[in-house]
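Peer 1: Here the numbering used here is used: the first residue of the sequence shown is 1, the next is one more, and so on.
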Amino acid sequence: NKNAKPGKVMSTSQHMGACPHAWRHHQHHRGRMWAASPAILRQLFLLRSLSPPRTALLLPGAGAGGCCCSSSSTSLRRHAMATSASASAGPVYEADAEAVVRRITPPLDRARHKGQAGKIAIIGGCREYTGAPYFAAISALKVGADLSHVFCTRDAATVIKSYSPELIVHPILEESYSVSDGEKESVSSRILTEVAKWMERFDCIVVGPGLGRDPFLLDCAGNIMRHARQANIPTVVDGDGLFLITNNLSLVEHNSLAILTPNVYEYKRLVQKVLNCEVNEENASEQLTALCQKVGGITIMRKGKADIISDGKTVTQVSTFGSPRRCGGQGDILSGSVAVFASWARHFLLSNEYPTEKRLCSITISPHSDSSY
């Protein structure tokens, strides 16, 4: 500025006077700095990932005429609207994702302490698969959980630890090659004892990402699922965990705290096993409802061109088309995210409206909508 005296620092307003557009440029720069802050970026990611109709809400007690909330949850009910219906399966609902997320997300309160926003555990990770449990665990943290644990084999532990210092990794699982036949019973008991020490701390567990199909490892995972059920811990089952439960349905039968997230092949195996028929695309919602009821009140999120979610009573369809990519890891990201939202929703219900309700409020999100089908 020609009017500026040497050694004198000009105020912002004086500097703006030199250019009629300077103030607008200054404000635009401040806005860009604000938008680039980590906190804002994370909130934007959260809301964009869950923008309607990509998030579906299922609450206990749903009837054919409305969303599954009590009379006091009118705001949630207002955001549900029937988009399609069949005479036998009932209406299909879409939820206002932003309203649901705002309602169940734990507040940022200075009085809160570490762990109150969610403690998630991933059961999986072996010699062949170290990426899947990492994606599930890190997505839980990025969505908003405070702590994320991974229970894996010793071979996988060091690799997973090297991916991120944020994860708590427990190298306690074993595969058949490292355990003799005479030791299997004692080793299995030891593994369950180690996991049980932590189980009561978790708000939700995810079984399956990177688990593999080693028979001994699958048996150990089954024992962990039984213990979680006895402790009333919600369980998300994905990947090789779905292979496990397809061959052993008793692990999830009549467990309203179980959420399955099968892709097209995993869903086909479930339908063939449980309903003894092939997948019926023309009556997809009706067949999904029948599958949930047959297994016994579990929640299933069927991933596909349109994601369909049901707990055997209410059916929700996520019809927005997402990324056409079908790369590995998308389903693992989904399972970790589902675990966080399921734990938040359950805590919301138990602490606010349903103090004696043990039925899971399951929320399924799909950052890439029809991921990994």
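Note that CB positions come from ideal geometry on N, CA and C, so glycine has one too.
For Cys-277, is the classification buried or exposed, using 16 other Cβ atoms within 10 angstroms of its Cβ as the cut-off for buried?
Peer 2: As a first step, residue 277 is located in the sequence shown; it is residue number 277 there, counting from the start. Flag for Cys-277 reads exposed.
Peer 1: Let me know the secondary structure DSSP gives Val-207 once reduced to three states.
Peer 2: What you label residue 207 is simply residue 207 of the sequence shown in a count that begins at 1. Val-207 falls in the strand class under three-state DSSP.
Peer 1: Per the contact definition of three or more C-beta pairs closer than 8 Å, is the region 122-131 in contact with the region 311-327?
Peer 2: Verdict: no, contact absent.
Peer 1: Would you call the CB atoms of Ile-120 and Val-195 closer than 9 Å?
Peer 2: Position 120 of the sequence shown holds residue 120. Position 195 of the sequence shown holds residue 195. Contact: no.
Peer 1: Compute the Euclidean distance between the alpha carbons of Leu-270 and Gly-182, then round it to the nearest angstrom.
Peer 2: What you label residue 270 is simply residue 270 of the sequence shown in a count that begins at 1. What you label residue 182 is simply residue 182 of the sequence shown in a count that begins at 1. Taking the straight line from one Cα to the other gives about 34 Å.
Peer 1: Tell me whether Arg-102 sits in a helix, a strand or coil according to DSSP, three-state version.
Peer 2: Counting from one through the sequence shown, the residue named residue 102 turns up at place 102. Reduced to three states, the DSSP call for Arg-102 is helix.
Peer 1: For Thr-299, is the classification buried or exposed, using 16 other Cβ atoms within 10 angstroms of its Cβ as the cut-off for buried?
Peer 2: For the purposes of this step, residue 299 is taken as the residue at position 299 of the sequence shown. Counting Cβ neighbours within 10 Å, Thr-299 comes out buried, since at least 16 surround it.
Peer 1: What do you reckon, are the CB atoms on Leu-244 and Ala-221 nearer than 9 Å?
Peer 2: Indexing the sequence shown from 1 puts residue 244 at position 244. Indexing the sequence shown from 1 puts residue 221 at position 221. In this structure, Ala-221 lies closer than 9 Å to Leu-244 by Cβ.
Peer 1: Please check the pair Ala-136 and Pro-209, which I expect to be a contact at CB under 8 Å, by giving their CB distance rounded to whole angstroms.
Peer 2: Within the sequence shown, residue 136 is the residue found at index 136, counting from 1. Within the sequence shown, residue 209 is the residue found at index 209, counting from 1. Ala-136 to Pro-209, Cβ: 4 Å. Contact.
Peer 1: At what residues does the beta strand (DSSP E) containing Ala-121 begin and finish?
Peer 2: Taking the sequence shown and counting its residues from 1, the one referred to as residue 121 is at position 121. Counting along the chain, the beta strand (DSSP E) containing Ala-121 begins and ends at 119-123.
Peer 1: Would Gly-125 and Cys-152 be called neighbours here (beta carbons separated by less than 9 Å)?
Peer 2: In the sequence shown, residue 125 corresponds to position 125, counting from 1. In the sequence shown, residue 152 corresponds to position 152, counting from 1. Taking 9 Å as the Cβ cut-off, Gly-125 and Cys-152 qualify as a contacting pair.
Peer 1: Output needed for Asn-232: all residues of its chain with C-beta closer than 6 Å, excluding positions within five of it in sequence on either side, in chain order.
Peer 2: Counting from 1 along the sequence shown, the entry for residue 232 is found at position 232. There are no such residues.
Peer 1: Determine whether the beta carbon atoms of Lys-294 and Val-279 lie at a separation below 9 Å.
Peer 2: Within the sequence shown, numbered from 1, the residue matching residue 294 stands at position 294. Within the sequence shown, numbered from 1, the residue matching residue 279 stands at position 279. Going by C-beta atoms, Lys-294 is not nearer than 9 Å to Val-279.
Peer 1: Looking at Gly-239: is its Cβ nearer than 9 Å to the Cβ of Asp-332?
Peer 2: Residue numbering aside, residue 239 sits at position 239 when the sequence shown is read from its first letter. Residue numbering aside, residue 332 sits at position 332 when the sequence shown is read from its first letter. Against a cut-off of 9 Å, the Cβ pair of Asp-332 and Gly-239 comes out as a contact.
Peer 1: Can you name, in chain order, every residue of its own chain whose Cβ lies under 8 Å from the Cβ of Pro-106, other than the five neighbours on each side?
Peer 2: Looking up residue 106 in the sequence shown gives position 106. Cβ neighbours of Pro-106 beyond the five flanking positions: Arg-112, Gln-116, Ala-117, Gly-118, Gly-144, Trp-344 and His-347.
Peer 1: Can you tell me where the alpha helix (DSSP H) holding Phe-151 begins and where it ends?
Peer 2: On the sequence shown, residue 151 is found 151 positions in, with the first residue counted as 1. From DSSP, Phe-151 is part of no alpha helix (DSSP H) but of the beta strand (DSSP E) over 147-153.
Peer 1: If you measure between the beta carbons of His-227 and Met-199, is that distance less than 9 Å?
Peer 2: Reading the sequence shown from its first residue, position 227 is the one you call residue 227. Reading the sequence shown from its first residue, position 199 is the one you call residue 199. Yes, the pair counts as a contact, with Cβ atoms nearer than the cut-off.
Peer 1: Cutting at 8 Å between CB atoms, please list the residues of its own chain near Asn-255, excluding the five before and the five after it.
Peer 2: Counted from its first residue, the sequence shown places residue 255 at position 255. Result list for Asn-255: Arg-229, Thr-235, Gly-296, Gly-297 and Ile-298, in chain order.
Peer 1: Whose C-alpha, out of Ala-99, Asp-109, Val-92 and Lys-142, is nearest the C-alpha of Leu-334?
Peer 2: If you number the sequence shown from 1, residue 334 lands on position 334. When only C-alpha atoms are compared, the closest one is Lys-142.
Peer 1: Per DSSP, Ile-308 forms a beta bridge with which residues?
Peer 2: Within the sequence shown, numbered from 1, the residue matching residue 308 stands at position 308. Paired residues: Arg-302 and Gln-317.
Peer 1: Here's a check: name, in chain order, each residue in its chain whose Cβ is nearer than 6 Å to the Cβ of His-223, leaving out the five neighbours to either side.
Peer 2: Stepping through the sequence shown from its first residue, residue 223 is reached at position 223. Rather than His, the amino acid found at residue 223 in this sequence is Asn. Around Asn-223: Leu-192.
Peer 1: Just mark Pro-262 as buried or exposed, buried being the case when its beta carbon has 16 or more other beta carbons within 10 Å.
Peer 2: As a first step, residue 262 is located in the sequence shown; it is residue number 262 there, counting from the start. The residue is buried, with at least 16 neighbouring Cβ atoms inside 10 Å.
Peer 1: Would the beta-carbon of Ser-164 fall within 9 Å of that of Ile-138?
Peer 2: For this step, residue 164 is matched to residue 164 along the sequence shown. For this step, residue 138 is matched to residue 138 along the sequence shown. Contact: yes.
Peer 1: Less than 6 Å between C-beta atoms, sequence neighbours within five positions excluded: which residues of the same chain meet that for Arg-154?
Peer 2: What you label residue 154 is simply residue 154 of the sequence shown in a count that begins at 1. Result list for Arg-154: Pro-171, in chain order.
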